[in-house]
Amino acid sequence: MASRGKKVTWVIRESGGGGFWMSPPWVKMGPFTLQLEHVATMRFFTWFSPCVWGEYDGCSWVRRFLHGTWLGRTMVHRLWEKIRMDTVNFNGLFLSARVGVLNYPGNIHDYVTSGQVQIIKKDISHLSKNGTINFADGTSYQTDALIAITGWKLSPNIQYKPDGIEASLGILTESMSSEELEFWSHLDKEAEREILQKFPYLTRPPKNVIPYKQKVSPYRLYRGMAPPGLTSRSDNSIVFIKMVHSTANIIIAETQALWAYAYLNGMIDMNKDKVYQETALSSCYGRLRYPCGFSAWYPEFVYDTVPYADMLLRDLGVRSRRKRIATQEVFSGYTIQDYKGINREWAEKRRCDEGKKVI
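Heads up: the sequence shown begins at 1 in UniProt numbering, then just goes up one per residue.
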């Protein structure tokens, strides 16, 4: 509307999380200028991110140095401090996947600086006649038209039967039994202790965390897809695709699709004794790692997409290092093209494994 010459007043509720940071398509990293989306999927930068599934990339010694030693943590701190300087009021380490790219033809901030777009940070109390918007502080604003971009409830609208089955499926729920609460509380405490011991940097979260709260349990899905209760009992009857959010969603979608197919057909070897433990680890990790986002309820991350894909491909027995040469593997961002052929590779491996069993 502003681009069409209309005067726009943008009301952001004061009690909410507000708008999030926008970045140029190209960012400066030392002497290099890189595409933003490639930074998040570059192995070199993923090493600086505390990640519970980071060891699946085969470079656990690098991560142990960076996160387990004084010198390494100093290097990690300096990198994230550099990123923090480009954002407002937040430590870059704790930012979630709610990131935008300024890819418009012009600079949209010019509308704000010129006054054509006015920003008001107040809570709306109610609407009244003649286009009047009334705020909680007693003031009001008159407008010709109102476009409402409202919030949402995290709980799914789908009603699962029998009643109360949501917690056993690992999906968001507002009602858990006392036994379920006690069971997960114990696992969460153990997981949190392990994460903070492994990544001391996470013991210092920012003060400005998202104020958004909803009284629902988080998603608790094995590998971000499978109900842990059913999985531990070898019941591979259901998966929930794309409950994981990232800045590189297409990579997650591609690897999850193959993993889900293999899982539903009982073609993944897993340690069923550790399913609950690993599920709790992933769930708690999101809350501690990205407190400035929605990870307390569902998995969302930025720099952990490639290690996550590594983990799924390792489960499938498919090669996770997809680059042709070592320097590209470390310093070139992963894209969807790098995962071309994973379905064929997995199918060939299955045929080979079946042939060995026959022999």
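Even for Gly, the Cβ is constructed at its ideal location relative to N, Cα and C.
Being a predicted model, the structure only gives us computed values, none of them experimental.
- The residue among V302, A145 and M176 with its C-alpha nearest the C-alpha of G333 is V302.
- Around the C-beta of M1, fewer than 16 other C-beta atoms lie within 10 Å, and the residue is accordingly described as exposed.
- By the criterion of at least three beta-carbon pairs nearer than 8 Å, the segment 121-128 is in contact with the segment 4-14.
- When L169, K349, A136 and H186 are compared, the shortest CA-CA separation from T231 is found for L169.
- In the DSSP assignment, K189 falls within the alpha helix (DSSP H) that extends over S178 to K198.
- In the DSSP secondary-structure assignment, F301 is bridged to S246.
- For T9, the enclosing beta strand (DSSP E) stretches over residues V8 to I12.
- Contact between S283 and P218 holds, with the beta-carbon distance rounding to 5 Å and staying under 8 Å.
- Apart from sequence neighbours up to five positions away, the residues of its chain that approach L313 with a beta-carbon distance below 6 Å are S320, ordered along the chain.
- Judged by beta-carbon spacing, G54 lies within the 9 Å limit of D304, meaning their Cβ atoms are closer than that value.
- By a beta-carbon distance limit of 8 Å, I195 contacts L288. Their separation comes to about 6 Å.
- Contact check for M311 and Y56: beta-carbon distance about 4 Å, within the 8 Å limit, so the pair qualifies.
- According to the DSSP assignment, S128 belongs to no alpha helix (DSSP H) but to the beta strand (DSSP E) extending over I124 to S128.
- Taking a contact as a CB-CB distance under 8 Å, the pair F240 and I171 counts as one, their CB atoms being some 7 Å apart.
- By the CB criterion at 9 Å, Y201 and H67 fall inside the cutoff.
- In the structure shown, Q256 falls within a helical segment according to DSSP collapsed to helix, strand and coil.
- The beta carbons of F199 and P50 sit about 4 Å from each other, so the pair counts as a contact at 8 Å.
- According to the DSSP assignment, S232 belongs to the alpha helix (DSSP H) that extends over P228 to S232.
- The segment 243-251 makes contact with the segment 30-45, as at least three CB pairs between them are under 8 Å.
- Q142: member of the beta strand (DSSP E) spanning S140 to Q142, first to last residue.
- With contacts defined as CB atoms closer than 9 Å, L154 and Q116 fail to qualify as a contacting pair.
- Taking the Cα positions, T203 is about 10 Å away from E192.
- Bounds of the beta strand (DSSP E) holding F135 are T132 to F135.
- Taking C-beta atoms under 8 Å as the contact rule, V330 and R73 fail to qualify, at a distance of about 21 Å.
- Excluding five sequence positions before and after R63, the CB atoms of its chain that fall closer than 8 Å to its own CB belong to W47, C51, G54 and E55, given in chain order.
- Rounded to the nearest whole angstrom, the CA to CA distance from K7 to Y104 is 19 Å.
- For W26, the number of other beta carbons within 10 angstroms of its own is below 16, and it is reported as exposed.
- Excluding the 5 residues flanking it on each side, A136 has same chain C-beta neighbours closer than 6 Å at D123 and S125, in chain order.
- Between T279 and L316, the C-beta spacing is not below 9 Å.
- For a cut-off of 8 Å, the C-beta gap from N130 to Q142 is around 7 Å, short enough to register as a contact.
- It is roughly 11 Å from the alpha-carbon of R78 to the alpha-carbon of L71.
- Under the criterion of beta carbons closer than 8 Å, Q277 and L146 do not qualify as touching, at roughly 49 Å.
- Taken through DSSP and simplified to helix, strand or coil, M42 comes out as coil.
- CA-CA distance, A347 to A262, rounds to 10 Å.
- Counting along the chain, Q118 sits inside the beta strand (DSSP E) bounded by residues V117 to K121.
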